[in-house]
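In this note's numbering, the protein residues as written are 893 to 1095.
Below is the structure:
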């Protein structure tokens, strides 16, 4: 099968769709192109494979706010073939986790805990007590579980106390005590909201 035909047959694949979306965002944000390039133009681009590779990365990693991440990468000034590097996503995730509001952070945390419960035939409010610690580290690092919840909840703090030095080092920038102490002090009403949810949920 020729390359041109193969690309047309791949049109509906998620990774290709994400690559095509990113291709358009690149032209809109960096080239000030109004509207969208056609799929035909995307197929003919010498950068087709690189954009599709990035689409695969986005599909697999499931970044926080995918559309925002795509725009972040496009405007980052980083070379296209480096867009799939973990360090770039980690930098984006860290900036977002430290700045985002309590409501979205809480909502995403609870959704993640519910997904864990379903996979493990458990109940979501047992997450902090029974989650595999390495998986918890991954969830924190990826922004799936927020310090907003962990640090305002007795079972969350208990989970953190079980982390070894290597695990603590991995999440240190996200769990930075100085940052969160100041944030919680400035946003005492939000802290109260979290504590009420923790109490009602028997976390």
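Don't be surprised by glycine CBs; every beta carbon is placed ideally from N, CA and C. Treat the numbers as computed from the prediction; the structure is a model and nothing was measured.
- At a Cβ-Cβ threshold of 8 Å, residue 1002 and residue 1066 do not count as neighbours.
- Scanning its chain for C-beta atoms nearer than 8 Å, with the 5 sequence neighbours on each side dropped, one finds around residue 1079 the residues 994, in chain order.
- With distances taken between CA atoms, residue 931 lies nearest to 897 out of 897, 1010, 1050, 979.
- Spatial neighbours of residue 1034 in its own chain (CB-CB distance under 7 Å, excluding positions within 5 residues in sequence) are listed in chain order as 985.
- Residue state for residue 918 is assigned as helix, using DSSP reduced to three classes.
- Contact annotation: residue 918 and residue 970 have beta-carbon atoms that are not nearer than 8 Å.
- With a minimum length of 4 residues, the unbroken runs of alpha helix (DSSP H) contained wholly in the region 1011 to 1061 fall at 1019 to 1022, 1025 to 1033, 1039 to 1042, 1046 to 1053.
- Looking only at 1089, 1085, 1075, the smallest Cα-Cα distance to residue 1017 is reached by 1089.
- Here residue 1005 has 1016, 1017, 1019, 1037 as same chain residues with Cβ atoms under 8 Å from its own Cβ, once five neighbours each way along the sequence are excluded.
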